[in-house]
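Number of protein chains: 2
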Amino acid sequence: MNHSSSDAIVTALREWITAAPAGAQLPSTRALVAEHRVSPVTVQKALRVLAAQGLVESRPGAGTFVRAIRAARPHDYGWQTAALGSPQQRLPGLSAAMRTTPNDVIALHSGYPDRELLPERLVRAALTRAARGEAALGRPPAAGLPELQTWFAAELGTSMPPGLAPPSASDVVVLPGSQIGLSTVFRALVGPGNPLLIESPSYWGAILAAAQVGVDLVPVPSGPHGPDPDELDRAFAQTGARAFYAQPNFANPSGAQWSPDLVETVLGIVREHGAFLVEDDWAHDFGITADPVPVASRDDHGHVVYLRSLTKSVSPAIRIAGLIARGPARDRILADAQAQAMYVSGVLQAAALDVVTQPSWRTHLRALRGQLAARRDLLVDALREHVPTAHLDAVPQGGLNLWLRLPESTDLPRLVRDCEAERVIVTAGDEWFPAEPAGRYLRLNYSGPNPGAFPDAARVIGTHVAAG
Amino acid sequence: MNHSSSDAIVTALREWITAAPAGAQLPSTRALVAEHRVSPVTVQKALRVLAAQGLVESRPGAGTFVRAIRAARPHDYGWQTAALGSPQQRLPGLSAAMRTTPNDVIALHSGYPDRELLPERLVRAALTRAARGEAALGRPPAAGLPELQTWFAAELGTSMPPGLAPPSASDVVVLPGSQIGLSTVFRALVGPGNPLLIESPSYWGAILAAAQVGVDLVPVPSGPHGPDPDELDRAFAQTGARAFYAQPNFANPSGAQWSPDLVETVLGIVREHGAFLVEDDWAHDFGITADPVPVASRDDHGHVVYLRSLTKSVSPAIRIAGLIARGPARDRILADAQAQAMYVSGVLQAAALDVVTQPSWRTHLRALRGQLAARRDLLVDALREHVPTAHLDAVPQGGLNLWLRLPESTDLPRLVRDCEAERVIVTAGDEWFPAEPAGRYLRLNYSGPNPGAFPDAARVIGTHVAAG
Numbered sequence: 001m002n003h004s005s006s007d008a009i010v011t012a013l014r015e016w017i018t019a020a021p022a023g024a025q026l027p028s029t030r031a032l033v034a035e036h037r038v039s040p041v042t043v044q045k046a047l048r049v050l051a052a053q054g055l056v057e058s059r060p061g062a063g064t065f066v067r068a069i070r071a072a073r074p075h076d077y078g079w080q081t082a083a084l085g086s087p088q089q090r091l092p093g094l095s096a097a098m099r100t101t102p103n104d105v106i107a108l109h110s111g112y113p114d115r116e117l118l119p120e121r122l123v124r125a126a127l128t129r130a131a132r133g134e135a136a137l138g139r140p141p142a143a144g145l146p147e148l149q150t151w152f153a154a155e156l157g158t159s160m161p162p163g164l165a166p167p168s169a170s171d172v173v174v175l176p177g178s179q180i181g182l183s184t185v186f187r188a189l190v191g192p193g194n195p196l197l198i199e200s201p202s203y204w205g206a207i208l209a210a211a212q213v214g215v216d217l218v219p220v221p222s223g224p225h226g227p228d229p230d231e232l233d234r235a236f237a238q239t240g241a242r243a244f245y246a247q248p249n250f251a252n253p254s255g256a257q258w259s260p261d262l263v264e265t266v267l268g269i270v271r272e273h274g275a276f277l278v279e280d281d282w283a284h285d286f287g288i289t290a291d292p293v294p295v296a297s298r299d300d301h302g303h304v305v306y307l308r309s310l311t312k313s314v315s316p317a318i319r320i321a322g323l324i325a326r327g328p329a330r331d332r333i334l335a336d337a338q339a340q341a342m343y344v345s346g347v348l349q350a351a352a353l354d355v356v357t358q359p360s361w362r363t364h365l366r367a368l369r370g371q372l373a374a375r376r377d378l379l380v381d382a383l384r385e386h387v388p389t390a391h392l393d394a395v396p397q398g399g400l401n402l403w404l405r406l407p408e409s410t411d412l413p414r415l416v417r418d419c420e421a422e423r424v425i426v427t428a429g430d431e432w433f434p435a436e437p438a439g440r441y442l443r444l445n446y447s448g449p450n451p452g453a454f455p456d457a458a459r460v461i462g463t464h465v466a467a468g
Numbered sequence: 469m470n471h472s473s474s475d476a477i478v479t480a481l482r483e484w485i486t487a488a489p490a491g492a493q494l495p496s497t498r499a500l501v502a503e504h505r506v507s508p509v510t511v512q513k514a515l516r517v518l519a520a521q522g523l524v525e526s527r528p529g530a531g532t533f534v535r536a537i538r539a540a541r542p543h544d545y546g547w548q549t550a551a552l553g554s555p556q557q558r559l560p561g562l563s564a565a566m567r568t569t570p571n572d573v574i575a576l577h578s579g580y581p582d583r584e585l586l587p588e589r590l591v592r593a594a595l596t597r598a599a600r601g602e603a604a605l606g607r608p609p610a611a612g613l614p615e616l617q618t619w620f621a622a623e624l625g626t627s628m629p630p631g632l633a634p635p636s637a638s639d640v641v642v643l644p645g646s647q648i649g650l651s652t653v654f655r656a657l658v659g660p661g662n663p664l665l666i667e668s669p670s671y672w673g674a675i676l677a678a679a680q681v682g683v684d685l686v687p688v689p690s691g692p693h694g695p696d697p698d699e700l701d702r703a704f705a706q707t708g709a710r711a712f713y714a715q716p717n718f719a720n721p722s723g724a725q726w727s728p729d730l731v732e733t734v735l736g737i738v739r740e741h742g743a744f745l746v747e748d749d750w751a752h753d754f755g756i757t758a759d760p761v762p763v764a765s766r767d768d769h770g771h772v773v774y775l776r777s778l779t780k781s782v783s784p785a786i787r788i789a790g791l792i793a794r795g796p797a798r799d800r801i802l803a804d805a806q807a808q809a810m811y812v813s814g815v816l817q818a819a820a821l822d823v824v825t826q827p828s829w830r831t832h833l834r835a836l837r838g839q840l841a842a843r844r845d846l847l848v849d850a851l852r853e854h855v856p857t858a859h860l861d862a863v864p865q866g867g868l869n870l871w872l873r874l875p876e877s878t879d880l881p882r883l884v885r886d887c888e889a890e891r892v893i894v895t896a897g898d899e900w901f902p903a904e905p906a907g908r909y910l911r912l913n914y915s916g917p918n919p920g921a922f923p924d925a926a927r928v929i930g931t932h933v934a935a936g
């Protein structure tokens with residue numbers, strides 16, 4: 001490859017491009033070869049350089065074209081200010097937990113498990129099979145692939161004690177991820193301007209969905225063992241709310257798991273107020289030293305609307321959740337979900353079902369338990385050693401996160417910045433509070449990449465907590 | 469395999485199951501082999517029979533369990549009536565166009581092309597490659613895979629005349645299908661209780677999304693050549709609306725394509741009223757005797773919000789749409805889309821990009837043109853022969869549908885029923901009207917399965933139109 005002759009073509013073509021309209025087709029490779037008396041390889045190299053500079057784009061099979069360059073005149077979108085008006089709801093942005101970060105940091109901020117914790121082989125095999133099958137070209141029913149509906153219903157049904165009627169497949173609505181499930185449920189069961197009780201702290205995605213729908217969040221204080229039932233009862237009575245959103249197993253961020261007694265108490269309160277419990281069972285596959293027991297498995301009167309996601313345990317690419325609701329509530333939810341998304345990709349549904357029905361899925365989950373336990377304990381020990389003034393209300397029995405309380409004097413934004421300067425990425429707990437934060441917290445994910453660096457990360461956090 | 473011994477085990481186990489609680493584990497295969505003195509194959513056969521009867525379920529790696537039977541007592545979900553209250557918006561159900569039908573009918577009702585019109589080989593290969601790649605386990609940015617954003621921007625950019633600034637990749641938001649795009653745009657740019665102008669007739673999915681968001685639809689009469697500009701101007705002036713939803717190329721259902729003059733006129737009206745045109749370019753890949761020219765390619769001031777779906781032309785399993793908007797409108801839309809869906813499966817995005825950047829994608833689209841032309845003409849000719857009292861305002865130059873006007877005296881619901889009784893599935897046009905239907909219409913899809921039966925279908929329709 002002759003660099004200088006390729007450079008000469010680049011220079012010549014840049015001149016040509018300056019005079020050409022956007023979208024003009026460049027001379028063919030053959031013509032350039034003839035004109036400049038160079039090899040096709042040299043021409044191709046020149047075109048790649050121009051493409052990398054954003055000046056041209058090649059369209060396979062068609063040729064190479066002048067890329068339109070954004071005009072120099074500043075764009076005037078000012079008219080949109082009046083057209084848009086003030087937003088009806090002010091949406092918070094995506095959480096810092098959704099940030100993608102470079103590889104050379106210690107990332108404790110994310111909500112997603114590292115790739116090494118995913119069933120990679122199962123996922124790739126399932127997607128490959130789905131690519132060959134019916135699902136690659138078909139359109140599944142709006143409520144979901146019947147076999148996947150059956151699986152979601154059976155999963156919940158197996159936790160139900162004798163005497164309670166398990167859900168049927170037709171009670172299941174398959175959704176393209178649980179986020180859309182949250183907004184659908186909040187819209188279908190609560191509606192704009194109406195109160196929704198929520199644990200405080202609680203999952204930021206639910207707080208975001210509530211803001212989008214325009215429901216009024218009513219925080220119910222929740223500690224390391226779950227919500228305070230007296231406060232819950234009072235909140236229902238005072239607001240007339242008809243729904244309570246909660247994560248009864250390994251809550252994000254606190255890790256709390258409700259005791260069987262609390263489950264019965266909360267269910268009693270919910271029933272008494274003729275209300276719904278919206279149960280977000282996000283960590284069903286992430287039990288470590290305890291097994292998750294869905295509250296929905298203790299109710300067959302349609303009080304619990306149950307949401308289970310496979311995104312985090314199977315793969316972020318297989319964005320599938322199952323929602324289980326009974327009675328008219330299910331019909332309202334399905335109508336909203338249909339208006340929202342029409343139906344869910346059959347490929348993703350088939351692949352999800354394939355993964356979770358393989359014998360090695362159970363093997364994977366058992367191995368995952370051990371990995372999560374080791375990672376959790378490593379981070380807990382490191383924090384105890386290096387951040388002695390911080391406090392863990394409880395070591396979670398499952399889930400992916402530690403909820404670390406820092407001294408009240410901590411300047412949280414500064415701590416986050418100082419840690420990031422040393423390449424330790426953490427998120428301030430404030431985003432997990434629907435109203436004023438109840439303290440200075442960090443949510444630390446122990447399922448991210450590179451657990452060997454947890455002690456280093458704890459040391460960095462400890463240094464800056466001590467300095468602050 | 470010994471049928472009678474297998475039957476004996478079935479009988480014995482049915483008794484055992486009747487006495488056992490739901491969820492109880494059955495004796496192991498080994499124990500049953502010993503107890504009944506039969507082969508493991510016979511035991512497995514008996515278990516399969518019980519599973520098929522819904523009495524047990526096997527969980528691979530765990531064993532076989534008694535399935536919970538739905539309790540006989542009727543469920544009382546009556547409490548939900550008060551909890552749910554009246555719906556804030558009454559959502560219409562899914563359109564009859566979404567019905568799945570058996571293979572032995574002539575289906576003219578669907579909105580989706582038959583599988584034989586899809587690029588099956590490309591889709592399967594793209595999904596297989598995506599299953600092997602990064603996308604199978606990664607989480608793409610919220611606005612979409614950068615390469616796919618770039619592709620959507622370039623597609624629109626290539627239609628832009630010199631002098632206009634093409635969109636950039638960052639103006640693109642990748643969405644899990646265009647339906648979610650419609651509700652996101654209506655919510656972000658219009659908002660509940662505010663007016664939205666819409667062609668009448670128009671796409672039922674847009675009417676549904678508008679109902680869900682709670683915007684007030686204002687119909688603007690639209691004929692075989694597009695909307696009436698005077699009516700559009702008057703509707704903007706009278707309602708103060710800030711947005712107009714339309715399908716300028718091969719509108720569903722009418723097939724109308726706006727002339728270049730009408731494009732300029734409508735853009736002028738939209739600009740004058742400081743408003744948005746929400747352009748739904750659903751049929752971009754379905755030009756037959758004309759090429760689609762997006763109105764968005766004639767505007768660089770952010771007045772056109774452009775929505776392009778790949779679902780119908782690539783595969784219903786690859787549910788991907790690209791939305792292009794500029795200025796603050798884009799930020800509002802992205803914030804809503806994130807709150808709604810967080811991000812879109814990377815596998816679907818990678819597969820979509822793979823398909824549309826293969827050289828054979830262009831080859832496929834060229835062949836598709838010919839197929840659609842032949843199907844369209846076949847159905848048009850058959851209708852002219854067999855339904856002489858019906859009227860086609862225009863033969864569409866693209867898209868998938870004919871919009872057939874029937875005599876005013878037609879009893880439309882009865883016609884639909886009578887045709888269905890003869891296994892010809894058609895949908896009444898009423899669902900395409902945001903308010904009162906302007907006439908008796910059928911929307912007939914010529915891209916469904918079995919085009920050879922179109923003459924038969926036309927004969928059936930003709931018989932019942934004549935009889936009615």
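Going down the list, the sequences are from chains P and G.
Take the first sequence: its letters are residues 1 to 468, numbered as in my numbering.
Take the second sequence: its letters are residues 469 to 936, numbered as in my numbering.
Each residue gets a CB set at the ideal place from its N, CA and C atoms; glycine is no exception.
Supposed contact pair residue j and residue i - C-beta distance, whole angstroms, cut 8 Å
i        : j        : result
G/Ile801 : G/Val641 : 6 Å
G/Leu595 : P/Ala126 : With a Cβ gap of about 11 Å, G/Leu595 and P/Ala126 do not count as contacting.
G/Ile929 : G/Val884 : Not a contact, Cβ separation roughly 10 Å.
P/Trp204 : P/Gly226 : So it is not a contact: roughly 19 Å between Cβ atoms.
Closer than 8 Å to chain P by CB, residue i
i        : result
G/Phe620 : no
G/Trp547 : yes
G/Val738 : no
G/Val686 : no
G/Leu586 : yes
G/Ser651 : yes
G/Arg911 : no
G/Ala519 : no
G/Gly416 : Here chain G has residues from 469 to 936 only, and residue 416 of chain G is not among them.
Residue i, DSSP secondary structure in three states
i        : result
P/Phe65  : strand
G/Phe754 : coil
P/Arg48  : helix
G/Ala714 : strand
G/Gln493 : strand
P/Thr427 : strand
G/Glu667 : strand
P/Arg308 : strand
P/Ile17  : helix
G/Ile786 : coil
G/Ala622 : helix
Residues of its chain near residue i, where Cβ-Cβ distance is below 6 Å and the 5 sequence neighbours each way are ignored
i        : result
G/Leu425 : Past the edges of chain G, shown from 469 to 936, lies residue 425 of chain G, and the structure says nothing about it.
Interface flag, residue i vs chain B, CB-CB below 8 Å
i        : result
G/Trp900 : Absence of chain B from the displayed structure is noted, the protein chains being P and G.
Close Cβ partners of residue i (< 7 Å) along its chain, the five nearest in sequence each way excluded
i        : result
G/Ser828 : Leu590
G/Leu872 : Leu851, Ala858, Leu860, Tyr909, Leu910, Leu912
P/Pro437 : Gly429, Asp430
CB contact check: residue i to chain G, cutoff 8 Å
i        : result
P/Leu32  : no
P/Ile333 : no
P/Arg319 : yes
Runs of alpha helix (DSSP H) lying entirely within the segment 840-864 of chain G, each at least 4 residues, in chain order: Entirely contained in the segment 840-864 of chain G, not one alpha helix (DSSP H) run reaches 4 residues.
Entirely within the segment 626-688 of chain G and at least 3 residues each: give me those beta strand (DSSP E) ranges in chain order. Inside the segment 626-688 of chain G, DSSP marks whole beta strand (DSSP E) runs of 3 or more residues at positions 640-643, 663-668, from first to last along the chain.
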